[in-house]
Structure formats: structure tokens, C-alpha cells
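**Student:** Numbering (our numbering), first residue to last: 18 to 205.
Beta carbons are placed, not taken as given, at the ideal position from N, Cα and C, and that holds for glycine.
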């Protein structure tokens, strides 16, 4: 083999490797988008459940208007959110507002025993689990994607074709503390 053939094989090898890297980055970017779409669907399901929950609580004479206003405001914030960080802020606000709403329900036995309220609470709990699972998957894909675009030699292709890091969808500090806190167990 002569030098020209060796150089040609080397150039073709480098080009093929660059194509493989580019395609892998595109696939990861698509996975991030698909994972975000899963989160978005679950958030919309939760936002669609909120009006029924608010109406059920409003049916009781004694309710705290400020708590319901916070729930409604957080829902609106979530519906109008555009970026991951805006959704994250809305999600954290809604989680806190719903926590207050369910704490309020504890003070009203009739509301706490209402079949509609219990059904909505169960649906919301299922959606929260789905959001948590989707969030974990999304963050894992974002971690893989961000690692890949920052690692050599992939970063050369990523920079050339403007692959940008993605934001994680994280819990705020209050939610992290609530998740870590052990539940209180009582035996009557």
C-alpha cells in the first residue's frame, strides 16, 4: 500500500466515525425530546385534574380561599410554562399548593370522606407517580446526552453542529426534604 491509499483509508475512517458520533448525538437528542414529551403529558393530565379537585373542595362551605387560589395560580403557571425551568418552578409551586390543600382536607371529615374527592386524590397520586418516573427517565437521558456532548471526541461534533446541553427537571429543596423524610408510623 502506498501513502495515498493509507491517507484515503484514514480520512474515510475519520469521516465514518464522525458520522457515527453525529447520529448517536441526534438519537440522544431525540430521546431527550421524547422523554420531555412524556413528562409534559403527565403534567397536562395533572393540570386537567386540578379544576375538578378545586370544584369539589369549593362545594364545602368552609374552605380556605387562599389555598385554592394558590392551586389555581400554580396550574396556570404550569399551563403557560415554556422551558424546563419554568415547568420545574410551576411543578414545585403546584406540589406545595396541593400539599396545603390535602392538609386542609384533613381538617374537614366530610370532605375527606367525599367519594369524588377521594377518587380525585387517588388519580392525582397515580399521576404524581407517573410524573416521578418520567422525571427520573428524562433526567437519566439528559445526563447521558450532556455527558456525550461534553466528552472528547464527541464534543468536536457537538460544537460543530450546535448540540446544546439540556436542563434537568429537578425537585426544589422543600420537595427533596419531603421525599427524604421518613413517614411517621403509628400503631393504634
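#1: Quick one: residues in its chain with C-beta nearer than 6 Å to the C-beta of residue 158, no 5 flanking neighbours on either side, listed in chain order?
#2: Compute the beta-carbon to beta-carbon distance between residue 117 and residue 92, rounded to the nearest angstrom, for a pair I have assumed lies under 8 Å.
#3: Work out the CA separation of residue 57 and residue 106 for me, nearest whole Å.
#4: From residue 153 to residue 147, what does the alpha carbon distance come to, in whole angstroms?
#5: For a test of the three-state rule: what should DSSP assign to residue 127, helix, strand or coil?
#6: Grab me the residues of residue 39's own chain with a C-beta within less than 8 Å of its C-beta, minus the 5 sequence neighbours each way, in chain order.
#7: What number of angstroms, rounded off, separates the C-alpha of residue 119 from the C-alpha of residue 70?
#8: Tell me which same chain residues have a C-beta within less than 8 Å of the C-beta of residue 144, skipping the five on either side of it?
#9: If distances are taken between C-alpha atoms only, which option among 136, 75, 185, 163 comes closest to residue 176?
#10: At a Cβ threshold of 7 Å, is residue 105 touching chain C?
#11: Since residue 42 contacts residue 180 with CB under 8 Å, what's their CB separation in whole angstroms?
#12: Report buried or exposed for residue 84, applying the criterion of at least 16 other Cβ atoms within 10 angstroms of its Cβ.
#13: My understanding is that residue 160 touches residue 45, with C-beta atoms under 8 Å, so please give their C-beta distance in whole angstroms.
#14: Note down, one range per segment and in chain order, each alpha helix (DSSP H) of at least 4 residues found wholly within the stretch 137 to 183.
#15: Are residue 186 and residue 132 closer than 7 Å when you measure CB to CB?
#16: Between the alpha carbons of residue 9 and residue 97, how many angstroms are there, rounded?
**Tutor:** This is what the structure gives:
#1: 48, 49, 52
#2: That belief does not hold up - the Cβ atoms of residue 117 and residue 92 are roughly 14 Å apart, past 8 Å.
#3: In this structure, the CA atom of residue 106 is about 14 Å from the CA atom of residue 57.
#4: 10 Å
#5: Here residue 127 sits in helix by DSSP.
#6: 174, 178
#7: 10 Å
#8: 59, 62, 63, 66
#9: 163
#10: In the structure shown, chain C cannot be found, because there is only a single protein chain.
#11: Yes, residue 42 and residue 180 are in contact; Cβ-Cβ is about 5 Å, under 8 Å.
#12: Around the beta carbon of residue 84, 16 or more other beta carbons lie within 10 angstroms, which makes this residue buried.
#13: Between the beta-carbon of residue 160 and that of residue 45 there is about 10 Å, and that puts the pair past the 8 Å contact cut.
#14: For the stretch 137 to 183, the full-length alpha helix (DSSP H) segments reaching 4 residues or more read 171 to 177 along the chain.
#15: Not a contact, by the Cβ cut-off of 7 Å.
#16: The shown model of the chain, from 18 to 205, leaves out residue 9, and the question about it has no answer.
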